[in-house]
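Colleague: For what it's worth, this note's numbering labels the leading residue of the sequence shown as 260, then goes sequentially. The structure under discussion is supplied below as structure tokens; questions concerning it will follow.
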Amino acid sequence: MSRTLLLKNATVVATMDDHGTEIRDGAVLIEGNRIRAVGPSHTLSREADETIDLSGHVLIPGLVNTHHHMFQSLTRALPAAQDAELFDWLDALFPVWANITPEMMTVSAQTAMAELMLSGCTTAADHAYFYVNGGRLEDNIEAASIMGLRYHGVRGAITLGKSQGGLPPDLVVEKNEDAVLKEMQRVVETHHDASADAMLQVALGPSSPFTVSPDLMRQSAILARDLGVRLHTHTAENGKDLAFSQQRYGMTPAQFAEEMDWVGDDVWHAHCVHLDEHGIQLFGRTGTGVAHCPCSNMRLASGHAPIRRMLDNGVRVGLGVDGSASNDGNDLLGEARQAMLVARVRDEDPTALSAREALRLATRGGAEVLGRGDHLGRIQAGYCADLVAWKLDDIAFAGGLSDPLAALLFCAPRRVSLSIVNGKTVVRDGQLTTVELPRLVERHNQLSRILIDG
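As structure tokens, then:
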């Protein structure tokens, strides 16, 4: 029999099940890496191999991050990119990133993951599109294995350099697209785990219409479907993105996605800030997912995505912190708060997105976007044991205990107290159990200085 863990006496357990069940004085019984039972504490009083008393805590499913570029942790708040929109921001950063080493990839991914985990994230999709100086997706996979985070590695690519009309400088692109496709296939066949409780999955992700050719978009879609994995890219992020698509291809980003066969329930697109009505209807009708990244969109002045319209039209929406150098943070609970606030500002409507709706996007919404909705994103019997708890005696909750679940969004607590991923405790009493955080931060800062100083 597998090891059992009982979490009991939680002030409230928010299950995120189909009924939105919230259990006062709740408990969860975990067996191995699965949730076995959920209910009031008095109904789950049986003996377990380990019991954790969550009196004074709010317990929710682990948060799911659907879009990130973890290597960018090395270049946060870079002066040359602080006040730039997307294209100028990339122009400032591409030459710096050209000197990234494999060790930098691994350490920056660990740092991003650490911050994510402390904010309540248990699953993260990492759009790793930058490969120079011998770097490979394995560098990030190693980081996830060390940290204990459930990881979706997106083997991305940038292949369209400036000399061919793309945005990136030629020195940072992968010039041979056939070799890129072979590497994508190798990574999938080597690492992708299709099982329900997989800790590691791989997707394919040519970065964007302005950084790869249409042929790579088409061929990667064919390859992904042959291999049975998902597809991810950036779409309709800002005004220059729209203009590029119209000028080069004579199509809107949504029309381009449809033309490239990049729609369907195996595809999710990041940002979609300027997704038009046709695109919203198309994505809703085809089951295409969206990774909403409000902090990055505001940081780069890209605009506010029409999330309420998307949800009302059946579009599957999750949240993403996006790159650590366009958000400059890795706080997924904070991203959920911003999603709630931005929706209200965009629509000038305080009911545009409630706290519970925002938490739903951050949990089961993200799980559904990543194709894991049957096993992640809920506290429900049979689901993977990914759960996080916040301690309610934190100053952030002071005066907010009339609705502790909503207070997670309105009051913005900064650090999770407990995090369990796949049945294993990775954060206890607000501290990571898998790495020594001060040593990681010290090495990360050393590598960042080396990178930026040249």
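For each residue, glycine too, the CB sits at the ideal point set by N, CA and C.
Which term fits Gly415, buried or exposed, when burial requires 16 or more other beta carbons within 10 angstroms of its beta carbon?
Modeller: buried
Colleague: Using only the alpha-carbon positions, how far apart do Pro338 and Val431 sit?
Modeller: 21 Å
Colleague: Alpha carbons only, please: which of His530, Gly538, Asp485 is nearest the one belonging to Thr511?
Modeller: Gly538
Colleague: Give the secondary structure of Val447 by DSSP, where H, G and I count as helix, E and B as strand, and everything else as coil.
Modeller: helix
Colleague: Do Arg293 and Asp452 count as a contact pair if the criterion is CB distance below 9 Å?
Modeller: no
Colleague: What are the complete alpha helix (DSSP H) segments, minimum 4 residues, inside the region 637-702?
Modeller: List check, alpha helix (DSSP H) in window: 663-669.
Colleague: Where does Val604 land, buried or exposed, given buried means 16+ other C-beta within 10 angstroms?
Modeller: exposed
Colleague: Under the DSSP definition of a beta bridge, which residues are partnered with Tyr410?
Modeller: Ala383, Leu459
Colleague: Counting Cβ pairs closer than 8 Å, one from the region 311-325 and one from the region 615-633, do we hit at least three?
Modeller: Segments in contact, yes.
Colleague: Distance check for Met376 and Asp653, CA to CA, integer angstroms please.
Modeller: Across the structure, Asp653 and Met376 are spaced so that their CA atoms are roughly 18 Å apart.
Colleague: Looking at C-beta atoms only, is the number of pairs between the region 587-599 and the region 540-547 that lie closer than 8 Å three or more?
Modeller: no
Colleague: Between Val447 and the rest of its own chain, which residues show a CB-CB distance below 6 Å, the 5 nearest in sequence each way excluded?
Modeller: Val461, Leu486, Val488
Colleague: Of the choices Ser661, Ala617, Asn681, Leu668, whose alpha-carbon is the least far from that of Leu635?
Modeller: Asn681
Colleague: Let's test the definition: count the other Cβ atoms within 10 Å of the Cβ of Ala657 and tell me whether it reaches 16, buried, or not, exposed.
Modeller: exposed
Colleague: Can we say the region 670-680 touches the region 387-400, given the rule of at least three CB pairs closer than 8 Å?
Modeller: no
Colleague: Just list the residues that DSSP pairs Leu318 with in beta bridges.
Modeller: Val272, Ala648
Colleague: Looking at C-alpha atoms only, which residue of Asp385, Met406, Glu536 is the closest neighbour of Pro465?
Modeller: Asp385
Colleague: Report the partner residues of Glu536 according to the DSSP bridge assignment.
Modeller: DSSP, once it has assigned bridges, lists no residue as partnering Glu536.
Colleague: Classify Arg575: buried if its beta carbon has 16 or more other beta carbons within 10 angstroms, exposed otherwise.
Modeller: Burial call: buried.
Colleague: Restricting to Cα atoms, I'd like to know which of Ala383, Asn268, Cys643 is closest to Gly315.
Modeller: Asn268
Colleague: Using the Cα positions of Leu696 and Gly393, report the straight-line distance between them to the nearest angstrom.
Modeller: The alpha-carbon atoms of Leu696 and Gly393 are separated by roughly 27 Å.
Colleague: Buried or exposed: Lys434, going by 16 or more other Cβ atoms within 10 Å of its Cβ?
Modeller: exposed
Colleague: With 9 Å set as the bound, which would you pick, yes or no: does the beta-carbon of Val685 sit closer than that to a beta-carbon of chain C?
Modeller: Among the protein chains of the structure shown there is no chain C, as only one such chain exists.
Colleague: Let me make sure I understand the geometry here. Which of Glu442, Ile638, Gly630 has the alpha-carbon closest to that of Glu281?
Modeller: Ile638
Colleague: Excluding the 5 residues preceding and the 5 following Pro428 in the sequence, name in chain order all residues of the same chain whose CB lies nearer than 7 Å to its CB.
Modeller: Phe353, Pro354, Gly420, Lys421
Colleague: Going by the beta-carbon positions, is the gap between Leu691 and Ala614 smaller than 9 Å?
Modeller: No, these two residues do not count as a Cβ contact at 9 Å.
Colleague: Indicate whether Cys552 and Gly593 have their beta-carbon atoms separated by less than 9 Å.
Modeller: no
Colleague: Note down, in chain order, each residue of its chain lying with its Cβ closer than 6 Å to the Cβ of Asp520, except the 5 sequence neighbours on either side.
Modeller: Ala480
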